[in-house]
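Heads up: the sequence shown at position 195 corresponds to 748 in the numbering used here, and the numbers run straight through without jumps.
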Amino acid sequence: MANAENKPRKKMRTSTLRAITAAAVFVVVGIGLACATGTGTLSSIGWNSVAAICPLGALESLLGTKVIVARALIALAGVLIVILLVGKAFCSWVCPVPHFQNIFKSKKAKQAEAQACSEAADRSLKRWERGEDIRHQTIDSRHAVLGGALLSTAIFGFPVFCLVCPIGLIFATFILFWRLIQFNEPTIGLIVFPLILVIELLVFKRWCGVICPLGALMSLASKANTTFRPSVNAEMCLRSEGASCKACASACPERIDPVNNLGDRPIDECIRCKSCSDVCPVCAISFPLIARRNERKETEG
Ligand code: SF4
Ligand code: SF4
Numbered sequence: 554m555a556n557a558e559n560k561p562r563k564k565m566r567t568s569t570l571r572a573i574t575a576a577a578v579f580v581v582v583g584i585g586l587a588c589a590t591g592t593g594t595l596s597s598i599g600w601n602s603v604a605a606i607c608p609l610g611a612l613e614s615l616l617g618t619k620v621i622v623a624r625a626l627i628a629l630a631g632v633l634i635v636i637l638l639v640g641k642a643f644c645s646w647v648c649p650v651p652h653f654q655n656i657f658k659s660k661k662a663k664q665a666e667a668q669a670c671s672e673a674a675d676r677s678l679k680r681w682e683r684g685e686d687i688r689h690q691t692i693d694s695r696h697a698v699l700g701g702a703l704l705s706t707a708i709f710g711f712p713v714f715c716l717v718c719p720i721g722l723i724f725a726t727f728i729l730f731w732r733l734i735q736f737n738e739p740t741i742g743l744i745v746f747p748l749i750l751v752i753e754l755l756v757f758k759r760w761c762g763v764i765c766p767l768g769a770l771m772s773l774a775s776k777a778n779t780t781f782r783p784s785v786n787a788e789m790c791l792r793s794e795g796a797s798c799k800a801c802a803s804a805c806p807e808r809i810d811p812v813n814n815l816g817d818r819p820i821d822e823c824i825r826c827k828s829c830s831d832v833c834p835v836c837a838i839s840f841p842l843i844a845r846r847n848e849r850k851e852t853e854g
């Protein structure tokens, strides 16, 4: 009879790890609320004056008040350093929006998204086979929203976008529910905030890729990131043997092709979700501090 110890251990999927990490933020916020430590939420999370502030919120407060606040500048510099090190990892490991959006997505919408990613992978593979190059767009609709958010803040003197930011709405709802349970304090926000959130996430099905101004801000900074990028071992990759493998590119929610960077979107947009390395049949993808020369050449096309 098979002994339980002899059974191969199932590797925990990265998507599960990411969900646990995002949930851990709520645990930290909940502990902060229960113990009244003022830990804050993702808009500003930390301890007393040492806090990680949302970079968009920090920029908006600088623009809105038209006062140079040292704390906001230090927080911005801290966020910049993190992005230079791990790119847009926040988007898949910390931000709750993709997880909430997944809850509201129908099976049909999920299938359509998988189909779109597969088609993007096909396009990338064809470009590679034809020896074509691609000039990725530097800015897109998210950057227009970012510009609008900053401009409206400068005009009205307060961060207008923060009123509808889904991250803010998720945590505001969480806090109001907490207060309802702890202090029996019902407010209209308990209906309004989740309602705006659900409408936003249902209407803008590709919020992260098309609307998110925070993602736009991070994508600008992540162009300078060179560490912990997906790196493909050229000798291991099945494409080096002539196979038309596109498993990694098809699995990428950002429509990146980590093998040749000829996907619809550039490798700078990588959110370190590791979906590509999870599906690679030969485990050719890793996320090293610095890519080896042959790997870098392969991933940069
Ligand atoms: S390249 Fe890989 S790690 Fe980066 S976003 Fe795409 S699937 Fe995720
Ligand atoms: S999934 Fe692995 S083997 Fe297939 S193309 Fe991507 S890196 Fe190469």
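Beta carbons: idealized from backbone N, C-alpha and C, even for Gly.
Check                                                                                                                                                                                               : Outcome
Apply the 10 Å Cβ neighbour rule to residue 588 and answer buried if 16 or more other Cβ atoms are within range, or exposed otherwise.                                                              : exposed
From what residue to what residue does the alpha helix (DSSP H) around residue 708 run?                                                                                                             : 694-709
Hey, residue 620 and residue 727 are a contact pair by Cβ (cut 8 Å); roughly how many whole angstroms apart?                                                                                        : Wrong, their Cβ atoms sit about 30 Å apart, outside the cutoff.
Does the CB of residue 672 have a neighbour CB from chain D at under 8 Å?                                                                                                                           : Included in the structure is just one protein chain, with no chain D present.
Using 10 angstroms around the beta-carbon of residue 838, count the other beta-carbons present and answer buried if the total reaches 16, otherwise exposed.                                        : buried
Where DSSP assigns a beta bridge to residue 646, which residues make up the other side?                                                                                                             : Beta-bridge pairing links residue 646 to no other residue.
If you run the structure through DSSP and keep just helix, strand and coil, what is residue 560?                                                                                                    : In this prediction, residue 560 scores a pLDDT of 45, lower than 50, which makes its location untrustworthy; no coordinate-derived value is stated.
Given the structure, does residue 783 come close to ligand 1, in the sense that its CB is under 7 Å from one of the ligand's heavy atoms?                                                           : yes
Rounded to the nearest angstrom, how far is the Cβ of residue 805 from that of residue 695, given a contact under 8 Å?                                                                              : Incorrect: roughly 17 Å between the Cβ atoms, too far for contact.
Would you kindly work out how many angstroms separate the C-alpha atoms of residue 638 and residue 781, rounded to a whole number?                                                                  : 7 Å
Regarding residue 815 and ligand 2, is the C-beta to nearest heavy atom distance less than 7 Å?                                                                                                     : no
For residue 709, is the classification buried or exposed, using 16 other Cβ atoms within 10 angstroms of its Cβ as the cut-off for buried?                                                          : exposed
Going by DSSP in three states, residue 812 sits in which element: helix, strand or coil?                                                                                                            : coil
With residue 600 as the anchor, note down where its beta strand (DSSP E) starts and where it stops.                                                                                                 : 597-600
Starting from the C-beta of residue 789, find all residues in its chain whose C-beta is less than 8 Å away, skip the five residues before and the five after it, and write them out in chain order. : 835, 836 and 837
Spatial neighbours of residue 628 within its chain, please: C-beta separation below 6 Å, excluding the five flanking residues on both sides.                                                        : 606 and 611
Is any heavy atom in ligand 2 found nearer than 7 Å to the beta carbon of residue 834?                                                                                                              : yes
Compute every distance between the C-beta of residue 804 and the non-hydrogen atoms of ligand 1, then say whether any falls below 7 Å.                                                              : yes
Indicate the three-state DSSP secondary structure (helix, strand or coil) for residue 632 in the structure shown.                                                                                   : helix
Can you give the Cα-Cα distance for residue 814 and residue 830, rounded to whole angstroms?                                                                                                        : 15 Å
Should residue 877 and residue 723 be called a contact, given that it needs their Cβ atoms to be closer than 8 Å?                                                                                   : Not covered by the structure: residue 877. The range shown for the chain is 554 to 854.
Under 8 Å, do residue 791 and residue 801 count as touching if we go by C-beta distance?                                                                                                            : no
For residue 838, which residues does DSSP report across the bridge?                                                                                                                                 : 785
May I have the straight-line CA-CA distance separating residue 568 from residue 833, to the nearest angstrom?                                                                                       : 15 Å
Got a sec, what are the start and stop residues for the alpha helix (DSSP H) residue 731 sits in?                                                                                                   : 719-736
Quick one: give me the first and last residue of the alpha helix (DSSP H) that residue 746 is part of.                                                                                              : 742-756
Which class does residue 843 belong to by DSSP, given the choice of helix, strand or coil?                                                                                                          : coil
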